[in-house]
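Engineer:
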Amino acid sequence: MPRAPSSIPSYDCDDARWAAVQSRDAQADGCFVYAVRTTGVYCRPSSSARLPKRENIEFFATEAQAQAAGYRPSRRALSDRTAAAAERAAIVAKACRQIELAQTPPTLAELAQQAGMSAFHFHRIFKAQTGLTPKAYASAHRAQKLRTELQADSNSVTDAIYGAGFNSNSRFYATSQQVLGMRASDYRAGGLGAVIRFAVAASSLGAILVAQSQLGICSIVLGDDPERLVRDFQDQFPKAELIGGDADFEQLIAQVVGLIEAPGLGLNLPLDVRGTAFQQRVWQALREIPPGETASYAQVAERIGAPKAARAVAQACASNCLAVAIPCHRVVRSNGELSGYRWGIERKRELLRREAAAQPAPAT
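Our numbering puts the last residue of the sequence shown at 1068; the count rises by one with no breaks.
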């Protein structure tokens, strides 16, 4: 197994770049490309293409710059890229299994050494493949494992904490509110001890259920059957103290209904957003899409620095529990067509229509 380099290679001069090309250094991929004047093509540093003469080469920081200069990707480069992508996917998949099976999350250096890469290069390809850093992936897996452990009747809370990979109670309790949204004992008891206010109201898009925890609004769901909305909500936390809306809560409901009627206005209320690290990154990106505009799943993946995670972005949208407040209705297919929506495709179409109608007409 090759030893991972101890420092990040530097490719800031042509001599270093040429050395990387000569050694077909895979760690240089993404740092620059080289173009061959005699053939009119460009390649990645690790390309298996026959090495050209040094005097026929020029370097570019990105593929886009090479294309702007009139070069095209070589056929060998395209073939190499497919093989390299498969190799990277296999490396990352192996690292994910290593993280999942470890009692204590492995360090970045340990994962990189196992992959035979520098920490810098491994970190970059892991994030590109999964949409998460290795540390965030480990945290998300540990949070999911904790939920599973807490749901097992045979485990005490302490057993569940250690079983999920937390080294100490203090380390867990420092992050428990973010991981579970409540104390571990309350989560295990089906929300026992949690106080959640909720109410159902009518809107032009059907029934709407709004719930608020101690941290903020934790649920905004739409549907056709008000009773079904309540049953589904109660099933989430069967032992939580659910309190029907009072006069003060009705004012909050009115603001949420107003959001449904005019989604472009936004909602200036605290939200209790619960999800994995990746989901929260996606949901934050959705909130940054301006009203009246849309983005594709691939574009959202690009914005969060995970260009290959479009499918995972779609799954995060489907897991959103805060309709319109986290505007997953603004995400569409790459061709602009509407795709699935947790609360119905017609509601998605109508929300987008309302936002578009509220935008000022272009100046003439």
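Just so you know, even glycine gets a beta-carbon here, dropped at the ideal spot from N, CA and C.
Determine the closest residue to residue 839 out of 813, 817, 821 and 820, with distance taken between C-alpha atoms.
Structural biologist: Along the sequence shown, read from residue 1 onward, the residue named residue 839 stands at position 135. Measuring from the Cα of residue 839, the nearest candidate turns out to be 813.
Engineer: How is the alpha helix (DSSP H) around residue 1021 delimited, first residue to last?
Structural biologist: By one-based count along the sequence shown, residue 1021 stands at place 317. Run containing residue 1021: 1014 to 1022, per the alpha helix (DSSP H) assignment.
Engineer: Assign residue 836 to one of two classes, buried (16 or more other C-beta atoms within 10 Å of its C-beta) or exposed (fewer than that).
Structural biologist: Locating residue 836 in the sequence shown gives position 132, counting from the first residue. The residue is buried, with at least 16 neighbouring Cβ atoms inside 10 Å.
Engineer: What residues match up with residue 1002 in a beta bridge as DSSP calls it?
Structural biologist: Position 298 of the sequence shown, counted from the first residue, corresponds to residue 1002. According to DSSP, which records beta bridges pairwise, residue 1002 is partnered with nothing at all.
Engineer: How is residue 974 classed by DSSP in three states: helix, strand or coil?
Structural biologist: Stepping through the sequence shown from its first residue, residue 974 is reached at position 270. Residue 974: coil per DSSP, three-state reduction.
Engineer: Would you identify the three-state DSSP class for residue 1025, choosing helix, strand or coil?
Structural biologist: Position 321 of the sequence shown, counting from 1, holds the residue named residue 1025. Of the three classes helix, strand and coil, the one that applies to residue 1025 here is coil, per DSSP.
Engineer: Which of the three DSSP states is assigned to residue 882 in this structure?
Structural biologist: Reading the sequence shown from its first residue, position 178 is the one you call residue 882. Caution is warranted here: a pLDDT of 48 is assigned to residue 882, below 50, making its placement in the model unreliable, and the coordinate value is therefore given only provisionally. Looking at residue 882 - three-state DSSP - the assignment turns out to be helix.
Engineer: Spatial neighbours of residue 928 within its chain, please: CB distance less than 7 Å, with the 5 preceding and 5 following residues excluded, ordered by chain position.
Structural biologist: Working through the sequence shown from its first residue, we reach residue 928 at position 224. Around residue 928: 910 and 911.
Engineer: Helix, strand or coil: which one does DSSP assign to residue 765?
Structural biologist: Counting from one through the sequence shown, the residue named residue 765 turns up at place 61. Looking at residue 765 - three-state DSSP - the assignment turns out to be coil, as it is neither helix nor strand.
Engineer: Less than 7 Å between C-beta atoms, sequence neighbours within five positions excluded: which residues of the same chain meet that for residue 989?
Structural biologist: Along the sequence shown, read from residue 1 onward, the residue named residue 989 stands at position 285. Hits under 7 Å: 1004, 1007 and 1008.
Engineer: First and last residue of the beta strand (DSSP E) that includes residue 902?
Structural biologist: Residue 902 sits at position 198 when you count from the first residue of the sequence shown. Residues 899 to 907.
Engineer: Within the present structure, is the beta-carbon of residue 809 separated from the nearest heavy atom of the ligand SAH by less than 8 Å?
Structural biologist: In the structure shown, the ligand SAH is absent, as is every other ligand, since no ligand is present at all.
Engineer: List in chain order: all unbroken beta strand (DSSP E) runs of 3+ residues lying wholly within the stretch 923 to 1002.
Structural biologist: With a minimum length of 3 residues, the continuous beta strand (DSSP E) runs that stay inside the stretch 923 to 1002 are 945 to 948.
Engineer: In this structure, how does DSSP classify residue 771 when only helix, strand and coil are distinguished?
Structural biologist: Taking the first residue of the sequence shown as position 1, residue 771 is located at position 67. Correct three-state label for residue 771: helix.
Engineer: May I ask you to report which of helix, strand or coil DSSP gives residue 726?
Structural biologist: Mapped onto the sequence shown, residue 726 falls at position 22. Helix, per DSSP.
Engineer: Leaving out the 5 sequence neighbours to the left and right, which residues in its chain are closer than 6 Å to residue 721 when beta-carbon positions are compared?
Structural biologist: Counted from its first residue, the sequence shown places residue 721 at position 17. Once the five neighbours on either side are set aside, the close Cβ partners of residue 721 are 715, 736 and 763.
Engineer: Pull up the CB-CB distance for residue 842 and residue 968, whole angstroms please, since I reckon it's below 8 Å.
Structural biologist: The count along the sequence shown starts at 1 and reaches residue 842 at position 138. The count along the sequence shown starts at 1 and reaches residue 968 at position 264. Not really, about 38 Å apart at Cβ, beyond 8 Å.
Engineer: Report the residue from 926, 945 and 940 whose alpha carbon sits nearest the alpha carbon of residue 901.
Structural biologist: As a first step, residue 901 is located in the sequence shown; it is residue number 197 there, counting from the start. Ranking 926, 945 and 940 by Cα distance to residue 901 puts 945 first.
Engineer: Check residue 1007 in the structure and name its three-state DSSP category.
Structural biologist: Within the sequence shown, residue 1007 is the residue found at index 303, counting from 1. DSSP places residue 1007 in helix when its eight states are reduced to three.
Engineer: Is residue 1045 helix, strand or coil when you go by DSSP?
Structural biologist: Residue mapping note: residue 1045 aligns to position 341 of the sequence shown, counting from 1. In the structure shown, residue 1045 sits in coil (DSSP, three-state: anything other than H, G, I, E or B).
Engineer: The alpha helix (DSSP H) that contains residue 829, what's its start and end?
Structural biologist: Residue 829 sits at position 125 when you count from the first residue of the sequence shown. Run containing residue 829: 823 to 834, per the alpha helix (DSSP H) assignment.
Engineer: Could you check the C-alpha separation between residue 766 and residue 734 for me, to the nearest Å?
Structural biologist: Here the question's residue 766 lines up with position 62 in the sequence shown. Here the question's residue 734 lines up with position 30 in the sequence shown. One C-alpha to the other measures close to 7 Å.
Engineer: For residue 981, collect the residues of the same chain with a Cβ closer than 7 Å to its Cβ; drop the 5 residues on either side in sequence, then sort them by chain order.
Structural biologist: Within the sequence shown, residue 981 is the residue found at index 277, counting from 1. Hits under 7 Å: 836, 840, 843 and 844.
Engineer: Any idea which residues DSSP pairs residue 912 with across the strands?
Structural biologist: Counting from one through the sequence shown, the residue named residue 912 turns up at place 208. In DSSP, residue 912 forms a bridge with 905 and 926.
Engineer: Could you tell me whether the stretch 1017 to 1027 touches the stretch 914 to 930, using the rule of 3 or more Cβ pairs below 8 Å?
Structural biologist: Touching, per the Cβ criterion.
Engineer: Just to confirm before moving on: does the CB-CB distance between residue 1010 and residue 831 stay below 9 Å?
Structural biologist: Residue numbering aside, residue 1010 sits at position 306 when the sequence shown is read from its first letter. Residue numbering aside, residue 831 sits at position 127 when the sequence shown is read from its first letter. Going by C-beta atoms, residue 1010 is nearer than 9 Å to residue 831.
Engineer: Pick from 904, 1002 and 827: whose alpha carbon is nearest that of residue 956?
Structural biologist: As a first step, residue 956 is located in the sequence shown; it is residue number 252 there, counting from the start. Ranking the options by Cα distance to residue 956, first place goes to 904.
Engineer: Based on DSSP bridge pairs, tell me the residues matched to residue 921.
Structural biologist: On the sequence shown, residue 921 is found 217 positions in, with the first residue counted as 1. Beta-bridge pairing links residue 921 to 916 and 975.
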